[in-house]
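K.L.:
Shown below is the structure under consideration.
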Amino acid sequence: MKRLDRRLLPRLLVLALGLLLVACGGRDYQTKGIEGLLPDLAFQLTGEDGETLTEADLAGAPTVMFFGFTHCPDVCPTAMARIAAATEAAGKGLDSDLQVLFVSVDPGRDDPQKLARYTDFFSDRVSGATADVETLRELTKRYRATFGYDEPNEFGDYNVSHSSAMYVFDADGNARALFRPSDSVAAMAADLRRIAEG
Amino acid sequence: MTTLVEWLRPWEPSAPVFIACALAVVIYAAGMMRGARPGFWPALSYFAGVGLIYAVTQTHYDYYSQFLFAAHRLQHLILHHLGPFLIALSMPTAVLAAGLPAAVRRLPDGGLRPFFRALRVVYRILQQPFIAGFLFVGLIYFWLTPEIHFDAMLSIDLYWFMNWTMVVDGLLFWWLIFERGDRGITPRLSPGRRILVLALIMPPQIALGAYITFSGQNLFEIYDVCGRAFPIDPMLDQQIGGLITWIPAAMMSVAAAIIVLAFRLERDDEKA
């Protein structure tokens, strides 16, 4: 019996640790629950109107944050089209204003005017913001994300590596869910509705 | 351009890691100054082990570990294999004991006696060869389970917890393999048993590394979700990471087995 106990103990520890991890991530979301894994919404950026934009300006409604760049050939337009579809689906019958913040991590090419033209294309709910690289580094680091630049080609074009996730915060700014490229629009819409309802 | 100072600056400063590394160096150095003579190679091995663990956690390298799967695998190779391997190989017990203040050395016999006795029981359980080998391989599998890996890389607290478990388990395992000299509380295994344990932990590591390397699908979505340190093909990143999990990790077993044999031959020579 004693020998059995000795072998059982470490296995139980591993099991307990596994359960703890699952519990941390939240199981009730159809996408990825991140309650307790990531910090609250907090930022200071420049909005589409050229004015300072902070989390206080978005308080009172759930916010979806995405890091991208307007020259992005695939990931960003796909993500924006998907979130626009999901917010439309989730927004019906909801009092709450779901809003999407497209944060450009390519301030060298994306100015507020360009961002405004880009985000208007997808949905009224989407707005853009950016900042200097240092501020963007701090912001992406806060959400455990990063970005990097390739060497420019002969036309001055360069690729940007960036996060493909959408971070969803509730009306109080608490981190609630993470939308990955593999999550379906229906699952995103269901979780948005859930988060908007409290 | 990244200068040397920028490289030395930690990406995520961690006070516990910094303090642990500083104490490891200071206590060992104090032991040497108080007359412990570990010899050149053991001292070099010890400082290299501590230095490597510090370098992959408290410099800009850590940034790459967080945003490239291959760099993460190299970080864990050092935290779990190479760093603790070098520290345990130097068998620093005597030097560290000499470096500790007398009051700290007396702690296990003082009022905290029941606590140290319990710690000793737990330590001896963890150092049973089967359990030690199981934990060594099990932890690699555990943290590389895609869902768990996702959470560990997303939450900064879990990230440090993961790295601590790798170092602590690495120290436990390699200590058991290289344990020699005066008998302590670590179970003393025969050279044959040590080599058997080293051989047994190889196939599961090779299988996991090969699986990751040859997997046709992107297993660790977290690096796409959080962005990579620089634009690199995700599958290439995963393949390099798989190879690091596979080849050098398994080679460490071979290297350790040769060292265990060398110790055995040395002892035979002394007897002869």
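These protein sequences, in sequence, are chains A and B.
Sequential numbering of the first sequence, starting at 1, is according to full-length UniProt numbering.
Sequential numbering of the second sequence, starting at 1, is according to full-length UniProt numbering.
Cβ atoms here follow ideal geometry from the backbone N, Cα and C, with glycine treated the same way.
Smallest Cα separation from Thr119 of chain A: which of A:Cys72, A:Phe147, A:Gly148?
P.N.:
A:Cys72
K.L.:
Using 8 Å as the cut-off, can you tell me whether the stretch 35-46 of chain A makes contact with the stretch 149-157 of chain B, which would need three or more C-beta pairs spanning the two stretches below that distance?
P.N.:
Taking a cut-off of 8 Å on C-beta distances, the stretch 35-46 of chain A touches the stretch 149-157 of chain B, as three or more cross pairs fall below it.
K.L.:
Does the distance from the CB of Leu101 of chain A to the CB of Val64 of chain A come in under 8 Å?
P.N.:
yes
K.L.:
Who are the near neighbours of Asp172 of chain A in its chain, counting only those whose CB is closer than 6 Å to its CB and skipping five residues on each side?
P.N.:
none
K.L.:
Below 8 Å CB to CB, which residues in the same chain sit around Leu126 of chain B once its five sequence neighbours on both sides are set aside?
P.N.:
Ala132, Leu135, Leu172
K.L.:
Does the beta carbon of Leu4 of chain A come closer than 8 Å to any beta carbon on chain B?
P.N.:
Unreliable placement is indicated for Leu4 of chain A, whose pLDDT of 46 sits below 50; the coordinate value is still reported in the next sentence. Cβ-Cβ to chain B under 8 Å: no for Leu4 of chain A.
K.L.:
Taking just the CA atoms, how far does Ser65 of chain B sit from Arg142 of chain A?
P.N.:
16 Å
K.L.:
Of all the residues that make up the stretch 127-147 of chain A, which are near chain B by a beta-carbon distance shorter than 7 Å?
P.N.:
Arg144, Ala145, Thr146, Phe147
K.L.:
Is it right to say Val104 of chain B is buried, meaning 16 or more other beta carbons lie within 10 angstroms of its own, or is it exposed?
P.N.:
exposed
K.L.:
Mind checking the stretch 213-238 of chain B against chain A and listing, in chain order, the residues whose C-beta falls within less than 8 Å of any C-beta there?
P.N.:
Glu221, Asp224, Val225, Cys226, Gly227, Arg228, Ala229, Phe230, Pro231, Ile232
K.L.:
What's the call for residue 273 of chain B, buried or exposed, on a 16-neighbour Cβ count within 10 Å?
P.N.:
Given a span of 1 to 272 for chain B in the structure shown, any question on residue 273 of chain B remains unanswerable.
K.L.:
Using CA atoms only, rank isn't needed, just tell me which of A:Arg82, A:Asp28, A:Leu53, A:Thr70 is closest to Ser184 of chain A.
P.N.:
Distance from the Cα of Ser184 of chain A is smallest, within the candidate group A:Arg82, A:Asp28, A:Leu53, A:Thr70, for A:Arg82.
K.L.:
With a 10 Å radius around its C-beta and 16 neighbouring C-beta atoms as the bar for buried, classify Ala118 of chain B as buried or exposed.
P.N.:
Flag for Ala118 of chain B reads exposed.
K.L.:
According to DSSP, is Gly25 of chain A helix, strand or coil?
P.N.:
Because the pLDDT of Gly25 of chain A is 48, which lies under 50, any placement of that residue in the model is unreliable, and the number read from its coordinates should be weighed accordingly. Correct three-state label for Gly25 of chain A: helix.
K.L.:
Would you say Ile34 of chain A lies against chain B (beta-carbon separation less than 8 Å)?
P.N.:
The C-beta of Ile34 of chain A comes closer than 8 Å to at least one C-beta of chain B.
K.L.:
Apply the 10 Å Cβ neighbour rule to Ile258 of chain B and answer buried if 16 or more other Cβ atoms are within range, or exposed otherwise.
P.N.:
exposed
K.L.:
In angstroms, rounded to a whole number, what distance separates the CA positions of Val92 of chain A and Ala79 of chain A?
P.N.:
Looking at the sequence itself, residue 92 of chain A is Lys, so the reference to Val does not match. Lys92 of chain A and Ala79 of chain A: Cα-Cα distance of roughly 20 Å.
K.L.:
Alpha carbon to alpha carbon, what distance is there between Arg180 of chain B and Arg267 of chain B?
P.N.:
11 Å
K.L.:
Check distances from the C-beta atoms of the stretch 172-183 of chain A to those of chain B and list, in chain order, the residues that come in under 8 Å.
P.N.:
Leu178, Arg180, Pro181, Ser182
K.L.:
Is the CB-CB distance between Ser161 of chain A and Phe147 of chain A below 8 Å?
P.N.:
Cβ atoms of Ser161 of chain A and Phe147 of chain A: closer than 8 Å.
K.L.:
Is the beta carbon of Tyr211 of chain B sitting closer than 8 Å to the one on Leu68 of chain B?
P.N.:
no
K.L.:
Touching or not, the stretch 243-255 of chain B and the stretch 197-214 of chain B, by the rule of three or more beta carbon pairs under 8 Å?
P.N.:
yes
K.L.:
Which stretch, first to last residue, makes up the alpha helix (DSSP H) that contains Leu89 of chain B?
P.N.:
83-89
K.L.:
Buried or exposed: Met188 of chain A, going by 16 or more other Cβ atoms within 10 Å of its Cβ?
P.N.:
buried
K.L.:
For Val95 of chain B and Gly51 of chain B, which I take to be in contact (beta-carbon distance under 8 Å), what is that distance rounded to the nearest angstrom?
P.N.:
The Cβ separation is near 16 Å, so there is no contact.
K.L.:
Using a C-beta to C-beta distance shorter than 7 Å, which residues of chain B count as neighbours of Asn153 of chain A?
P.N.:
Chain order gives no chain B residues near Asn153 of chain A, where near means a beta carbon separation below 7 Å; the closest approach is about 13 Å.
K.L.:
Mind checking if Ile195 of chain A is an interface residue toward chain B, Cβ cutoff 8 Å exclusive?
P.N.:
Contacts with chain B at 8 Å (Cβ-Cβ) do not include Ile195 of chain A.
K.L.:
Does the beta-carbon of Lys2 of chain A have 16 or more other beta-carbons within 10 angstroms, so that it is buried, or is it exposed?
P.N.:
Only weak support is given to the placement of Lys2 of chain A: the predicted model assigns it a pLDDT of 47, under 50, and the value that follows is read from those uncertain coordinates. Lys2 of chain A should be labelled exposed.
K.L.:
Residues in its own chain within less than 7 Å of Lys114 of chain A by CB, not counting five upstream and five downstream?
P.N.:
Excluding sequence neighbours, Lys114 of chain A sits near Thr70.
K.L.:
Which partner residues does Met166 of chain A have in the DSSP bridge list?
P.N.:
A:Phe66, A:Phe179
K.L.:
Have a look at Tyr61 of chain B and Lys32 of chain A and give me their C-alpha separation to the nearest angstrom.
P.N.:
28 Å
K.L.:
Rounded to a whole number of angstroms, what is the C-alpha to C-alpha distance between Phe178 of chain B and Arg120 of chain B?
P.N.:
19 Å
K.L.:
Looking at the C-beta of Pro38 of chain B, does it have a partner C-beta in chain A at a distance below 8 Å?
P.N.:
no
K.L.:
Can you tell me whether Met162 of chain B is buried or exposed, with buried defined as 16 or more other CB within 10 angstroms of its CB?
P.N.:
buried
K.L.:
Have a look at the DSSP bridge pairing and note the partners of Gly148 of chain A.
P.N.:
Paired residue(s): A:Ser161.
K.L.:
Using a Cβ-Cβ cutoff of less than 7 Å, which residues in the same chain neighbour Arg117 of chain A once the five nearest sequence positions on both sides are dropped?
P.N.:
none
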